[in-house]
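Structure record follows, encoded as structure tokens.
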Amino acid sequence: EGFAKGSGPDAVKGTEAKPEIWTNWDKFESAMNDFQQESAKLAEVAKGGDESAIKAQFGKTAETCKACHKEFRKD
Numbered sequence: 002e003g004f005a006k007g008s009g010p011d012a013v014k015g016t017e018a019k020p021e022i023w024t025n026w027d028k029f030e031s032a033m034n035d036f037q038q039e040s041a042k043l044a045e046v047a048k049g050g051d052e053s054a055i056k057a058q059f060g061k062t063a064e065t066c067k068a069c070h071k072e073f074r075k076d
């Protein structure tokens, strides 16, 4: 929702979003989907209460964040 197709880096002053979000929308959308899937898995794993499983899934979820930020967020 925060990166609506058709908006762009000029729409928000001081954004840390790279223009590549809008010029490579399919790749960005794929990264968002990866994050959503891993987050959903984390929610399910958390319900089980197994701390080691939660930590492992949290790590996988965090990797999707890092990958997207590396690609689409200014330093």
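Just so we're aligned, residue 2 is where the sequence shown starts under my numbering, counting upward by one.
Heads up, the beta-carbon is just placed ideally off N, CA and C, and yes, glycines get one too.
Under a Cβ-count criterion, where at least 16 other Cβ atoms within 10 Å of its own Cβ denotes burial, should residue i be classed as buried or exposed?
{"i": "A63", "result": "exposed"}
{"i": "Q58", "result": "buried"}
{"i": "A32", "result": "buried"}
{"i": "W23", "result": "buried"}
Sort out for me which residues DSSP pairs residue i with in a bridge.
{"i": "A18", "result": "R74"}
Between which two residues does the alpha helix (DSSP H) harbouring residue i extend?
{"i": "F4", "result": "That residue, F4, is in no alpha helix (DSSP H); it is neither H nor E in DSSP."}
{"i": "A12", "result": "Here A12 belongs to no alpha helix (DSSP H), and DSSP marks it neither H nor E."}
{"i": "D51", "result": "Segment: none, D51 is in no alpha helix (DSSP H) and carries neither H nor E."}
Determine whether the Cβ of residue i lies closer than 7 Å to any Cβ atom of chain D.
{"i": "Q58", "result": "In summary, chain D is missing from the structure at hand, where a single protein chain is found."}
Query raised in the report: Just checking, does the stretch 7-18 make contact with the stretch 64-76 on the three C-beta pairs under 8 Å criterion?
Result: Enough Cβ pairs lie closer than 8 Å, so yes.
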